[in-house]
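Colleague:
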Amino acid sequence: MENLYLPKIAMIDKISQETPDVKMFTIKYKDPKDEFHYQAGQFFMVSVFGFGEAPISITSSPTRKGFVELAVKNAGSLTAELHKMRPGAEIGLRGPYGNGFPLKDLKGFDLLFVGGGIGLAPLRSLINQAIDEKSNYGRIMILYGARTHADMVFKTEVSQTWRKAAEVITTVDMGENLCDGNVGLVTTLLPKVKIDVKKTKTIVCGPPVMIPFVLSDLSKMGLADTDIISTLERHMKCGVCKCNHCNIGPKYVCLDGPVFTYAEMKLMTREF
Ligand SMILES: Cc1cc2nc3c(=O)[nH]c(=O)nc-3n(C[C@H](O)[C@H](O)[C@H](O)COP(=O)(O)OP(=O)(O)OC[C@H]3O[C@@H](n4cnc5c(N)ncnc54)[C@H](O)[C@@H]3O)c2cc1C
Ligand code: FES
Numbered sequence: 197m198e199n200l201y202l203p204k205i206a207m208i209d210k211i212s213q214e215t216p217d218v219k220m221f222t223i224k225y226k227d228p229k230d231e232f233h234y235q236a237g238q239f240f241m242v243s244v245f246g247f248g249e250a251p252i253s254i255t256s257s258p259t260r261k262g263f264v265e266l267a268v269k270n271a272g273s274l275t276a277e278l279h280k281m282r283p284g285a286e287i288g289l290r291g292p293y294g295n296g297f298p299l300k301d302l303k304g305f306d307l308l309f310v311g312g313g314i315g316l317a318p319l320r321s322l323i324n325q326a327i328d329e330k331s332n333y334g335r336i337m338i339l340y341g342a343r344t345h346a347d348m349v350f351k352t353e354v355s356q357t358w359r360k361a362a363e364v365i366t367t368v369d370m371g372e373n374l375c376d377g378n379v380g381l382v383t384t385l386l387p388k389v390k391i392d393v394k395k396t397k398t399i400v401c402g403p404p405v406m407i408p409f410v411l412s413d414l415s416k417m418g419l420a421d422t423d424i425i426s427t428l429e430r431h432m433k434c435g436v437c438k439c440n441h442c443n444i445g446p447k448y449v450c451l452d453g454p455v456f457t458y459a460e461m462k463l464m465t466r467e468f
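Numbering (the working numbering), first residue to last: 197 to 468.
#1: One question on the structure: do Thr-367 and Val-382 come within less than 7 Å of each other, judged by their Cβ atoms?
#2: Between the C-alpha atoms of Met-406 and Glu-231, what's the straight-line distance to the nearest angstrom?
#3: So Val-364 and Ile-338 are in contact, right, with Cβ under 8 Å, and what is the actual spacing, rounded?
#4: Report yes if the C-beta of Gly-435 is less than 6 Å from at least one heavy atom of ligand 2; otherwise report no.
#5: Roughly how many whole angstroms lie between the Cα atoms of Leu-307 and Lys-394?
#6: Counting only runs of 3+ residues fully inside the region 236-321, write out the beta strand (DSSP E) ranges in chain order.
#7: Please report the distance separating the alpha-carbon of Val-342 from that of Ser-243.
#8: For the structure I just gave you, are there three or more beta carbon pairs, one from the region 254-265 and one from the region 445-464, closer than 8 Å?
#9: How is the alpha helix (DSSP H) around Glu-460 delimited, first residue to last?
#10: Here's the rule: buried if 16 or more other CB atoms are within 10 angstroms of the residue's CB, otherwise exposed. What is Ala-206?
#11: How big is the Cα-Cα spacing for Thr-422 and Lys-438?
#12: Mapping the DSSP letters down to three states, classify Asn-324 as helix, strand or coil.
#13: By alpha-carbon positions, which one of Cys-434, Leu-299, Cys-442 ends up nearest to Lys-330?
#14: Give a yes or no on contact between the region 280-297 and the region 437-454, applying the rule of three or more CB pairs nearer than 8 Å.
#15: Determine the DSSP secondary structure at Glu-198, reduced to helix, strand or coil.
#16: So what's Asp-209 in DSSP terms, helix, strand or just coil?
#17: Which residues in the same chain as Gln-325 place their Cβ atom closer than 7 Å to its Cβ, once the five residues preceding and following it in sequence are excluded?
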């Protein structure tokens, strides 16, 4: 019987520094017979041997094969060790886990992405899939907020690729925004996009403090709760619905999520 907790060995192929505290890791399985099969919005339990495991979203698009990319913020003990690693180092991967974004419900719609900080990482997977499969969607709009200009992730890709294929507006909480000048929370960008609420699905990911404000503003713009889709973050241990660490009311973020509609989130018994 397959051991749920046994990671597959993978190797860091490339590393790039995205911001002072975020690195992008390109990962390949050590055994070339192992292949990556995943959906945008899913995550891996990533192990650094001797330091434990943490859930990390897949930021590469499933349309681009043979590797996965993980954008990781140096936030604590495991991620600090990961940040010390060099290409060629081995890590463990369990998964992919989670439900992923509901692709079949998004098909044919305009997509409005709202990301905050490192929360752009899981959105990037779907954004690049939507760009690669553009005929399946209408407009692609991306609103992105970071603390400062230096904290903005994927700056080269945003300027060289996304601005050609999508409508992109960025903002920073403080300091100068060298991309397009906006300063203020990501919610201040919402009035800048003119959307047809009947034709639009929104996909939101960011720090927990950002989520309720963005969802509430989207709802006030007239979007149906079922058309507002967000990811939720909870501390996880097992990733496979065994340990009870990630439950919110009756839902388990590792199994039922991390992607939920606003309609589902409103049925949760605790504040998300
Ligand atoms: C589905 C999912 C996807 C994610 N995707 C990404 C991603 O793509 N990139 C990324 O950088 N991060 C991602 N994260 C967050 C990442 O898993 C955490 O930052 C992880 O805790 C880092 O592990 P660590 O050992 O380095 O940090 P830790 O040592 O666990 O510390 C991280 C922070 O959490 C606090 N903390 C630790 N344990 C607890 C606890 N039990 N209760 C409350 N606070 C606690 C610490 O004080 C610290 O501020 C994701 C999380 C989830 C649930
Ligand atoms: S992480 Fe163990 S139940 Fe979800």
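Using N, Cα and C, we set each Cβ at its ideal position, and we do this for glycine too.
Since the structure is predicted, the reported quantities are computational estimates derived from the model, not experimental observations.
Modeller: In this structure, then:
#1: yes
#2: 35 Å
#3: Their Cβ separation, rounded to whole angstroms, is 5 Å, which keeps Val-364 and Ile-338 in contact under 8 Å.
#4: yes
#5: 12 Å
#6: 239-244, 248-253, 264-269, 286-293, 306-312
#7: A quick correction: the sequence has Ala, not Val, at residue 342. Taking the straight line from one Cα to the other gives about 27 Å.
#8: no
#9: Counting along the chain, Glu-460 sits inside the alpha helix (DSSP H) bounded by residues 458-462.
#10: buried
#11: 28 Å
#12: helix
#13: Leu-299
#14: yes
#15: coil
#16: Of the three classes helix, strand and coil, the one that applies to Asp-209 here is strand, per DSSP.
#17: Ala-236, Ser-257, Pro-258, Thr-259
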